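Novice:
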């Protein structure tokens, strides 16, 4: 089997389904040898984290291991090195591997795997899972909250819900942890997950977030999109956030990154909310931030080409004209080139 390096096999350690489907263990390399021109690695299991029988030792060629999405060459491996390995229980797949840079007892990854193993072997009681969720490790917190949300709810637990609401209000916690804590609090109080109060909280949490990485804000965006009856309100919120020059750049990016989500933009038949998103993309062409102008160009192209006929022709023409107008006055060479690239793509499309 040849491993394709650009395929993302990153494990989802927060998912019980992933744990059920994979063997996860700490192994020690006991031999590294070249056979027929290929490096062979022999490992022995030192600690198993998942359930189910694993082979205590095995030998496999180095190209069967996947060390990460952007790792073009495997790291140097020697006898007595420790790896965390993850293998699918059924079906062919590469072995996901993490070489530990420190002793196992000091490894944050090993510590996380041990904690999740303990939770999987536990009673599943809400108190146990909430206690784990309030710890400092994000992976363990998300796992515990997801597991608690999957449990049947037999009685209301307002005290635990209050603890979770305090956690959701902690801006230092990861957005996904805050979103899941809020969901679980509603569940433990017997409240609907899509209430007016919940939507108001998510909206405020998004716009007040201090994250510097826009991808960290996506759980808030995803949660807003779960409120399907509030699509009009969400479109207005995200359009205003993306075009708000005073907003942090990461927040603006997170907002416009959702413009082309079919839960938000009606590609089959654009409506008033879709038009609002398209108009916001046009407005972005005039922004002082070079990155926002670039994004506006890309959005106008990407939105217009996905719209179904007969509306598509009109939107393609509008996108073309707006980008042409921007290109005529644009002084930044990079943005101007960006405009020309997307204009070239639009010129190859039928005119309305």
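Residue numbers (the numbering used here): 4 to 355. Where a beta carbon is used, it is the ideal one built from N, C-alpha and C, also for glycine. All values derive from a computational prediction rather than experimental measurement.
1) Here's the rule: buried if 16 or more other CB atoms are within 10 angstroms of the residue's CB, otherwise exposed. What is residue 235?
2) Out of 276, 117 and 24, state which residue places its alpha-carbon closest to the alpha-carbon of residue 90.
3) At a cut of 8 Å, does the region 185-198 reach the region 166-177 through at least three beta carbon pairs?
4) Starting from residue 90 and walking both ways along the beta strand (DSSP E), at which residues does that stretch end?
5) Confirm, please, whether the CB-CB distance from residue 142 to residue 228 is below 7 Å.
6) If we ignore side chains and look at the alpha-carbon of each, how far apart do residue 266 and residue 68 end up?
7) According to DSSP, is residue 212 part of a helix, a strand, or is it coil?
8) Can you list, in chain order, the residues of its chain whose CB lies under 7 Å from that of residue 257, leaving out five sequence neighbours each side?
9) Can you tell me whether DSSP reads residue 96 as helix, strand or coil?
10) Name the residue from 296, 264 and 309 whose alpha carbon lies nearest to the alpha carbon of residue 332.
11) Secondary structure at residue 310, three-state DSSP: helix, strand or coil?
12) Pull up the distance between the alpha-carbon of residue 174 and that of residue 61, whole angstroms please.
13) Would you mind giving the Cβ-Cβ distance between residue 191 and residue 209, rounded to the nearest angstrom? I have them listed as a contact below 8 Å.
14) Does residue 5 come out as helix, strand or coil in the three-state DSSP assignment?
15) What is the DSSP secondary structure of residue 28, counted as helix, strand or coil?
16) Check this for me: beta carbons of residue 304 and residue 322, under 7 Å apart or not?
17) My guess is that residue 253 and residue 215 are in contact by the Cβ rule of under 8 Å, so how many angstroms apart are they, rounded?
18) According to DSSP, what are the bridge partners of residue 101?
19) May I have the straight-line CA-CA distance separating residue 43 from residue 122, to the nearest angstrom?
20) Looking at the structure shown, is residue 43 part of a helix, part of a strand, or coil, going by DSSP?
21) Which residue marks the beginning of the alpha helix (DSSP H) containing residue 136, and which one marks its end?
22) Using only alpha-carbon positions, find the residue among 274, 334, 348 and 145 that is nearest to residue 308.
23) Could you tell me which uninterrupted alpha helix (DSSP H) segments, each at least 4 residues in length, are contained entirely in the region 274-349, listed from first to last along the chain?
24) Answer yes if the region 74-85 comes into contact with the region 98-111, meaning at least three C-beta pairs across the two stretches below 8 Å, and no otherwise.
25) Whole angstroms are fine: how far does the CA of residue 57 sit from the CA of residue 96?
26) To the nearest angstrom, report how far apart residue 14 and residue 286 are at their CA atoms.
27) Just list the alpha helix (DSSP H) runs in the region 141-208, keeping only unbroken ones of 4 residues or longer that don't cross its boundaries, in chain order.
28) Which residues in the same chain as residue 179 place their Cβ atom closer than 8 Å to its Cβ, once the five residues preceding and following it in sequence are excluded?
29) Nearest to residue 32 by CA position, among 59, 54, 196 and 20, is which residue?
30) Would you call residue 335 buried or exposed, if buried means 16 or more other Cβ atoms sit within 10 Å of its Cβ?
31) Is residue 259 near residue 300, with beta carbons less than 7 Å apart?
32) Residue 288 and residue 261: beta carbons closer than 7 Å?
33) By Cβ distance below 6 Å, which residues in the same chain neighbour residue 230 in space, the five residues on each side in sequence not counted?
34) Exposed or buried, residue 73, counting other C-beta atoms within 10 Å across all chains shown (16 or more means buried)?
35) Determine the burial state of residue 10: buried for a count of at least 16 other Cβ atoms within 10 Å of its Cβ, exposed for fewer.
Specialist: Reading from the atomic positions:
1) Per the 10 Å Cβ criterion, exposed.
2) Checking every option, the nearest Cα to that of residue 90 belongs to 24.
3) Touching, yes, given that three or more Cβ pairs across the two stretches are closer than 8 Å.
4) Boundaries of the beta strand (DSSP E) around residue 90: 85-91.
5) With respect to residue 142, residue 228 sits apart: the two C-beta atoms are not nearer than 7 Å.
6) When rounded, the distance between both Cα atoms is 38 Å.
7) If DSSP states are grouped into helix, strand and coil, residue 212 belongs with coil.
8) Its chain contains 217, 220, 221 and 224 as the residues whose beta carbon lies nearer than 7 Å to that of residue 257, once the 5 sequence neighbours on both sides are disregarded; these appear in chain order.
9) Look at residue 96 here: in three-state DSSP terms it is coil, with no helix or strand label.
10) Closest by alpha carbon: 296.
11) Here residue 310 sits in coil by DSSP.
12) Taking the straight line joining both Cα atoms gives about 46 Å.
13) So it is not a contact: roughly 23 Å between Cβ atoms.
14) Any reading at residue 5 must be qualified, since the residue scores a pLDDT of 41, below 50, and its modelled position is unreliable; the value itself is stated next. It is coil, neither helix nor strand.
15) In the structure shown, residue 28 sits in a strand (DSSP, three-state: E or B).
16) In this structure, residue 322 lies closer than 7 Å to residue 304 by Cβ.
17) Taking a contact as a CB-CB distance under 8 Å, the pair residue 253 and residue 215 counts as one, their CB atoms being some 6 Å apart.
18) Under DSSP, residue 101 shares a beta bridge with 87.
19) Between the alpha carbons of residue 43 and residue 122 lies a distance of about 35 Å.
20) Of the three classes helix, strand and coil, the one that applies to residue 43 here is strand, per DSSP.
21) Its alpha helix (DSSP H) spans residues 129-136.
22) The shortest C-alpha to C-alpha distance from residue 308 to any of 274, 334, 348 and 145 is the one to 348.
23) Segments of the alpha helix (DSSP H) lying fully in the region 274-349: 275-287, 293-309 and 314-332.
24) Here the region 98-111 makes contact with the region 74-85; the two share three or more CB pairs at distances below 8 Å.
25) Approximately 16 Å, taken between the alpha carbons.
26) Roughly 39 Å separates the two Cα atoms.
27) You should have 141-153, 161-171 and 178-192.
28) Closer than 8 Å at Cβ, skipping near neighbours: 141, 145 and 222.
29) The shortest Cα separation from residue 32 among 59, 54, 196 and 20 belongs to 59.
30) Residue 335 should be labelled exposed.
31) No, these two residues do not count as a Cβ contact at 7 Å.
32) Not in contact: residue 288 and residue 261 (Cβ atoms no closer than 7 Å).
33) Taken in chain order, the residues that qualify are 197 and 202.
34) Per the 10 Å Cβ criterion, exposed.
35) By the 10 Å Cβ count, residue 10 comes out exposed.
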